[in-house]
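Heads up: the structure comes next, in structure tokens.
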Amino acid sequence: MAEQKTKLIQQGAEAKILLDEKENSIIKDRIEKSYRLPELDKKIRKLRTRQETKLLEKASKIINSPNPSSLKFKDQTFIEMPFIEGKKLSDWLDKLKEKQAMNVCKKIGISLAQLHDNNIIHGDLTTSNLILDKNNEVWFIDFGLGFHSERTEDKAVDLHLIKEALEAKHFKNWEKYFSHILQGYKLSKNHKETIERLKKVESRGRYKERY
Ligand SMILES: Nc1ncnc2c1ncn2[C@@H]1O[C@H](COP(=O)(O)OP(=O)(O)O)[C@@H](O)[C@H]1O
Ligand SMILES: [Mg+2]
1 MAEQKTKLIQ QGAEAKILLD EKENSIIKDR IEKSYRLPEL DKKIRKLRTR
51 QETKLLEKAS KIINSPNPSS LKFKDQTFIE MPFIEGKKLS DWLDKLKEKQ
101 AMNVCKKIGI SLAQLHDNNI IHGDLTTSNL ILDKNNEVWF IDFGLGFHSE
151 RTEDKAVDLH LIKEALEAKH FKNWEKYFSH ILQGYKLSKN HKETIERLKK
201 VESRGRYKER Y
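Residue numbering for the sequence shown is 1 to 211, as defined by my numbering.
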């Protein structure tokens with residue numbers, strides 16, 4: 001990585017998140033996995049970096065998402081993007097006034113509808129991958145598991161993931177939150193079909209748990 005003065009703000013399983021205070025940018029650096037063969041490991045990290053960069057580039061044209069700098073060299077395993085000032089929604093959603101929280105959820109639904117209408121699947125939709133800025137705008141980050149798809153099934157799974165995340169982390173109000181997400185999601189041209197499919201995804205989930 002280029003020599004920059006950075007501060008480590010998060011060390012995850014997949015990536016180190018560094019803040020470059022001078023540039024006000026975030027560097028998401030995919031870390032080496034010693035259990036993989038080094039050559040293969042590098043290949044995987046490069047591929048995931050390229051995929052996430054492309055999805056972020058696209059998403060940032062459609063919704064609030066950090067627009068990354070383009071990759072400088074083909075071996076790159078890190079992404080540089082603007083630092084989004086705000087709070088992780090996971091820490092904050094339950095502390096908001098009810099009306100504000102519902103408004104935020106509606107915005108999540110609207111942005112998700114816009115992503116889906118452009119065939120972008122987030123793939124890891126939880127409140128830890130959403131940032132709330134000082135104007136109460138919601139930013140989508142972490143497209144590390146994202147992909148392109150036109151399939152209703154993949155879109156329904158995105159809805160299912162955020163629903164599960166709300167149930168697990170924000171259990172007091174999750175039903176209200178999710179119903180507001182769905183309200184916002186009605187903006188999607190295929191919302192009826194996707195919401196209908198969600199029921200199937202869920203019944204399959206329960207089936208899996210039982211047997
Ligand atoms: N562009 C950004 N602006 C502000 N904070 C960020 C940004 N990107 C990542 N972060 C912070 O780093 C954390 C981890 O980043 P994320 O992309 O979700 O990586 P991981 O794949 O390890 O979950 C986020 O939850 C957020 O707090
Ligand atoms: Mg994340």
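We treat Cβ as the ideally placed atom computed from N, Cα and C, and that holds for glycine.
Please read these numbers as outputs of a predicted model, since none were measured by experiment.
Start and end of the beta strand (DSSP E) containing residue i?
i: Ala165; result: Element bounds for Ala165: not the beta strand (DSSP E) but the alpha helix (DSSP H), 152-169.
My guess is that residue i and residue j are in contact by the Cβ rule of under 8 Å, so how many angstroms apart are they, rounded?
i: Pro68; j: Glu80; result: 6 Å
i: Leu56; j: Pro66; result: 6 Å
i: Ile59; j: Ile17; result: Position check: residue 59 holds Ala in this sequence, whereas Ile was assumed. Contact flag wrong, Cβ pair sits at about 18 Å.
i: Lys28; j: Ala13; result: Contact doesn't hold; Cβ gap of about 13 Å is too wide.
i: Leu93; j: Thr127; result: 6 Å
i: Phe83; j: Ile141; result: Contact flag wrong, Cβ pair sits at about 11 Å.
i: Ser34; j: Asn64; result: Wrong, their Cβ atoms sit about 36 Å apart, outside the cutoff.
i: His180; j: Lys106; result: 5 Å
i: Tyr177; j: Ala101; result: 7 Å
Kindly indicate the opening and closing residues of the alpha helix (DSSP H) around residue i.
i: Leu130; result: Note, Leu130: premise wrong, no alpha helix (DSSP H); beta strand (DSSP E) at 130-132.
i: Phe178; result: 174-185
Name, in chain order, the residues that DSSP records as bridge partners for residue i.
i: Met81; result: Ile26
i: Lys88; result: Ile131
i: Val138; result: Leu132
i: His148; result: Ile120
Ordered list of alpha helix (DSSP H) runs contained in the stretch 4-65, each at least 4 residues: Qualifying alpha helix (DSSP H) stretches, in chain order: 38-62.
For ligand 2, list every residue whose C-beta falls under 6 Å from any of its heavy atoms, going in chain order. Ser128, Asn129, Asp142
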